[in-house]
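Those sequence lines, one after another, are chains A and B. Numbering-wise, the first sequence is residues 1 to 144 according to our numbering. Numbering-wise, the second sequence is residues 1001 to 1144 according to our numbering. C-beta atoms are modelled at their ideal positions from N, C-alpha and C, and glycine is treated no differently.
Protein chains: 2
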Amino acid sequence: MRDAGFTIRSMAERCGMTAHTLRYYERVGLIQPVGRARNGHRRYSEADEVWLNFLHCMRATNMPIREMQRYAGLRENGDATSLQRRSILEDHQAQIAEQIVALQQAHALLTHKIANYRKIEEHIRIDQPEPAEPELDCALVSAG
Amino acid sequence: MRDAGFTIRSMAERCGMTAHTLRYYERVGLIQPVGRARNGHRRYSEADEVWLNFLHCMRATNMPIREMQRYAGLRENGDATSLQRRSILEDHQAQIAEQIVALQQAHALLTHKIANYRKIEEHIRIDQPEPAEPELDCALVSAG
DNA sequence: TCTTGACTGAGAGCGCGCTCCAAGATGTAC
DNA sequence: GTACATCTTGGAGCGCGCTCTCAGTCAAGA
C-alpha cells in the first residue's frame, strides 16, 4: 500500500508535531480532510506540509486555536476573504511585537539579576561570614 | 480596620493580577504567608509587591509555575542557594532568547504574507475577474 | 498462518494555570 | 438595625491544547 504522499507519521516528524496532533488539527478543521491511500490511511501532500508548517509557526507564537480556525475557514473561501485574513495576521503580528518587547525586558532584567547573583557568590567565596550586600535591584522589577 | 500595607485588591491591581491569583500563588508557595490585619485580611508589604512583580514578569515570559516554586523555595533558604537560583535564571534567560528568535521569525513571515495579501487585494480591486497570482510564498514557512 | 507494526475513529483523560463558588466573618454608611 | 462591600476558606470547575486509550483494520514478512 504505497499511494502518493506522506504518512501521518512522517508528516508529523517533518512538522515537529505528533500524529495525534495532526489528527486533532484535522478534526477541529484546521486542515481540510486529508487525502487517503486505498487502505484509508492519510496521505499528506506537499501543500499540506506548507500549511501545517504555517500553523505550527502560528501556534508557536501563541495564536489561539480559535483564531487559527477562523483563519483556516476564511482561507477555504478564497481571495474574497483576503482583507479579513490580512487583518487576522496584522493583529497577530502586533501581538508578536508585544511579546517580543516583554521578553526583551525580562531578558534584560535577568541579565541584571544574574550579575547580582555572581556578586553574592563572590562575597560568599571571599569572606564566608559576611552576609553579602543586599540585592542591587533592577529599576523595572526585582526581588528574588 | 486600617493596619499597614496593601489590601489584596489593591495589590492585585498594582501587579496586574487578580485577587484570586494572589491567593493561589500564596497557596502554592510562590509567596510566603502574607501579613494580616487584625480582622484577618491580608496586608501586602512593598517587599511583597516587588516579589510579585518579579513573579509576574517570569510568568509573562512563560516560566512554568513549577520552576517558579523551585526558585521561591531556594530563595527562602538564603544566599547559600545563590548558585542554583542563578542557574534557574540563566536557563530561563536562554529560553527567553529562543522565544525571541521564534517570534522574530514569525514576525518577518507575517510581514511577507501581509504584503502578499495587499497584492491580492490590489488585483481584486483593479481587475475583478482575474484570479490574482498565486501566493508568492516565503522561503521559511507559508501557505495561507 | 501468524506476527508485527502502522494506521483508523471515537472518546476519555490530563496538566496547566487559573477562576469561581459558597458560606461565613467583619467593617462602614445610613 | 440593616444594608452593603470586602474580605476569609476550602474546594470545585473551567478552558486550552493536546495526549492517550481502545478496539478494530489492513498489509507485509517469516
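What is the DSSP secondary structure of residue i, reduced to helix, strand or coil?
i       : result
R43/A   : coil
R38/A   : coil
C1138/B : Residue confidence for C1138/B is low, a pLDDT of 41 falling below 50, so the modelled location carries little weight and cannot support an answer.
T1007/B : coil
I1126/B : helix
L30/A   : coil
T1018/B : coil
Would you say residue i and residue j are within 8 angstroms of each other, going by their C-beta atoms?
i       : j       : result
L52/A   : I31/A   : yes
Q1099/B : N1039/B : no
R43/A   : A4/A    : yes
R1014/B : E1049/B : yes
D79/A   : I1126/B : no
Y1025/B : L1055/B : yes
Y117/A  : S1082/B : yes
H1123/B : I96/A   : no
G1029/B : Q1069/B : yes
A1037/B : L1022/B : no
L1109/B : C57/A   : yes
Report yes if the C-beta of residue i is less than 7 angstroms from at least one heavy atom of the ligand MN; otherwise report no.
i       : result
V1034/B : Ligands are entirely absent from the displayed structure, and the ligand MN is therefore not among its contents.
Chain B contacts from the segment 16–33 of chain A (Cβ-Cβ distance under 8 angstroms): none
Stretch pair the segment 79–98 of chain A + the segment 1069–1089 of chain B: three plus CB contacts closer than 8 angstroms: As far as the Cβ criterion goes, the segment 79–98 of chain A does not touch the segment 1069–1089 of chain B, which means the pair count is below three.
Cβ contact check for the segment 103–111 of chain A and the segment 1096–1114 of chain B: 3 or more pairs under 8 angstroms: yes
Determine which residues of the segment 1075–1090 of chain B have a Cβ less than 8 angstroms from any Cβ of chain A, and write them out in chain order. R1075, D1079, A1080, S1082, L1083, R1085, R1086, L1089 and E1090
What residues from the segment 93–121 of chain A come within 8 angstroms of chain B, judged by C-beta to C-beta, listed N to C? Q93, I96, A97, Q99, I100, A102, L103, Q104, Q105, A106, H107, L109, L110, T111, K113, I114, Y117, R118, I120 and E121
In chain order, what residues of the segment 1033–1061 of chain B put their CB closer than 9 angstroms to some CB of chain A? A1047, D1048, E1049, V1050, W1051, L1052, N1053, F1054, L1055, H1056, C1057, M1058, A1060 and T1061
In chain order, which alpha helix (DSSP H) runs of at least 4 residues are fully inside the segment 1042–1106 of chain B? 1046–1060 and 1065–1076
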